[in-house]
Each structure stands twice: as structure tokens, then as C-alpha cells.
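Just so it is clear: in the sequence shown, position 268 is 268 by the working numbering, and no numbers are missing.
What follows is a set of notes on a single structure, which appears directly below.
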Amino acid sequence: MDALEAPQLLAVSFQCNICGSIQPRPEKFEREAVSCANCGSNIRTRGLMYMLSMELFGLPLTLPDFPRVKSLRAIGTSDENLYAERLAQHFDYRNTFFDREPRFDLTNPPAEDRGRYDFIVSSDVFEHVLPPAQAAFRNTFEMLKSSGVLLMTVPYSIEPETLEHYPDLHQFGFAEVAGELVLVNRTKSGELQVFEKPVFHWAGGQKSLEARQFTEADLRATVLDAGFTSVRIYAEHYPPFGIEYAETWSLPIAARKGDFSFPVESARDILEQWRNLRAKHNAQMQRFGKSYWFRIGRKLGLY
């Protein structure tokens, strides 16, 4: 296909960056609507993996094309299987959940996880953690290595203030009153509270209580207050991967603890793969000098 044909192709199709398949482009991309018939991805999950690729490699790679770097350690919090299984093939990665096994509580992580991870992936979790949300962000910061990065999606609005539904949530449960579900909470001081019409989100086939509705400004401030040095909202479109946002809110967010760099052992992992690929496809790499492997080689200072 020559260059004149490419815009027409992109107008009617896109490549799913999670499974690599070519899919017809829908009239409109919606955050939770499935738009890849092959793996079931939506714009939220593709945007999350696009962000991961850019933060680690500085390149828009499909997940099947990620280098295999088992020396990079990562953890997922309620990640979806459609990309979690693939991440486990490329990294020293494990997925966890806050409401079922294998459980992981961001409000009370084990001490041995401090400074352990190169990156953490969190998909629509922080709106569910018990208050204060600041504690979960601080724990996430502490779990990362000095050059680590948190990659997350969180529903947020552009309203002035975050709406904390249950600021004194402590010991709580649910009851049915006059045919309506209510949340019953006993605060730390012993006060009894009753909340009508609690909001739930479906995640992994289970319902999770929505504890808050973030705003962009408060979310950014909360993340920075937790210790992160930078926060980037990935608002740009990337049509080749079917990433075209209809809204300006609830976009993927990358929060850095420090400047990311590959550990020596990780660079060696990539170098070995790069050399093998160059030996096998040397002629092709010379022809396509902007190959992503060529650019990774330059990024690592291999030539």
C-alpha cells in the first residue's frame, strides 16, 4: 500500500493495539463500548495500553509487538484479562483484585511491596477505594521504584470539586428498606449513617461500590500531593489504534515517581531481542529505518 492510500485505510479501519487485529472503525468510539470484535477491547483499554507503550518505549507499539522484558516488574489492580494475560507474557507482571482473589488492598499493601515495581497498571480502581483516596495514591507511590510510573484510568469530571459519597466510611453494609437498597455505615466515632441509592460499577462480572466522583483538578492535585513528580493526561487521539476520544474527561493518566529508565538487565533483555531481529531482518530494517526496533536501539544508545 502506498502513502496515498493510507489515509483512506485509516478512515475506515484501525488496528487494535491489544490483539493486533484490523477492525472496522465505528461511527463513534465510546469509553466502555466494545470496538474490537476479536478481543473485546474498547477505547479505554486501548488508550491504557497505548499510554503504557509510550511511557516505557516512547513508541506506539501494539501489545503483541512489545519487547519481552521479564526484568521489568509490574502489578495490575483489577486489570482486564484481554490485556493482563498479554502483559504477563512480556513482563514480570501479576494481576490482582480488590474484591476477589488474588486480592490486593491498595489501602494496606504488604511491606515487602515497597519500592518493588517498575510500573503499576490501575484500571478504574481509585474511585472505589475506601476514603481517604490520598492514602491509596501514597501507597502506590511507595510501591514504585524510584523511576517507576503509575498508569491508570479513573472516571473523572471537569466539575469544580470531587464528590466524596461516604467521607466517613468505616464499617458498612447494605440493607433493603421499602424495596430500596441502602448503605448503612457506622463511623469510627460510632455514629450510624444511612445512604440511599448507592452507585455501583460492574467490574469483572461483579458490582463494586462507587465511593467518589473525582474532578480532573482534584485528581491531579491528589496525585501530586502523594509524591509523584509529574502527571500527564493522555488527551491526544491516535487513530491508527482506534483511539479517538469523544469527551475531554476520564482520559488515561500517567503519574511518574521519577524519570523512567531501563535497568541494566532490562536494557540487556531488549538488546538481545534487537540483535536477533536485526540478524533475521537486516535487509528489511535497512529499508525501513524508522522501524520501532531501530528506534528502540537508538533510544538505548546501541548505535
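C-beta atoms are modelled at their ideal positions from N, C-alpha and C, and glycine is treated no differently.
Cβ neighbours of D269 within its own chain (closer than 6 Å, five residues either side excluded): V69 and S71. Scanning Q206, F29, I253 and N108 for the CA closest to the CA of E55 turns up I253. DSSP places N42 in no beta strand (DSSP E); its state is neither H nor E. Between the alpha carbons of I120 and E191 lies a distance of about 36 Å. Taking 4 residues as the shortest admissible run, the segment 162 to 246 contains the following complete alpha helix (DSSP H) segments, listed from N- to C-terminal end: 216 to 225.
For N139, the enclosing alpha helix (DSSP H) covers residues A133 to M143. With fewer than 16 other beta carbons inside 10 angstroms of its own, S146 counts as exposed. Taking the Cα of F260 as reference, the smallest distance to any Cα among L106, A133, L151 and Q15 is reached at L151. Residue range N81 to H90 is occupied by the alpha helix (DSSP H) that includes A84. For F119, the three-state secondary structure derived from DSSP is strand. Taking a 10 Å sphere around the C-beta of I158, we find fewer than 16 other C-beta atoms and assign the residue as exposed. Look at P155 here: in three-state DSSP terms it is coil, with no helix or strand label. Restricting attention to F241, R232 and D124, the CA atom closest to the CA of V12 is found in F241. Annotated three-state conformation of S266 is helix, per DSSP. Only residues of its own chain outside the window of five on either side were considered, and among them G40 and N42 have a CB closer than 6 Å to the CB of V34, listed in chain order. Under the three-state reduction of DSSP, S53 is assigned to helix. Excluding residues up to 5 positions away in sequence, E142 lie with their Cβ nearer than 6 Å to the Cβ of R114 in the same chain. Nearest C-alpha to V149 among P60, Y234 and F228: F228. Counting of Cβ neighbours within 10 angstroms places I22 among the exposed residues, the total staying below 16. The beta carbon of L224 sits closer than 7 Å to those of V231, all from its chain and outside the five residues before and after it, given in chain order. The alpha-carbon separation between L87 and Q171 amounts to approximately 36 Å. Look at the beta carbons and you see the segment 126 to 142 touching the segment 202 to 219: at least three pairs across the two are nearer than 8 Å.
E216 and Y156 do touch by the CB rule: their CB atoms are close to 5 Å apart, below 8 Å. Between T187 and the set G179, V177, G173 and K197, the nearest pair of CA atoms involves G173. Between L82 and K257, the C-beta spacing is not below 8 Å.
In the three-state reduction of the DSSP assignment, G47 falls in the helix class, which pools H, G and I.
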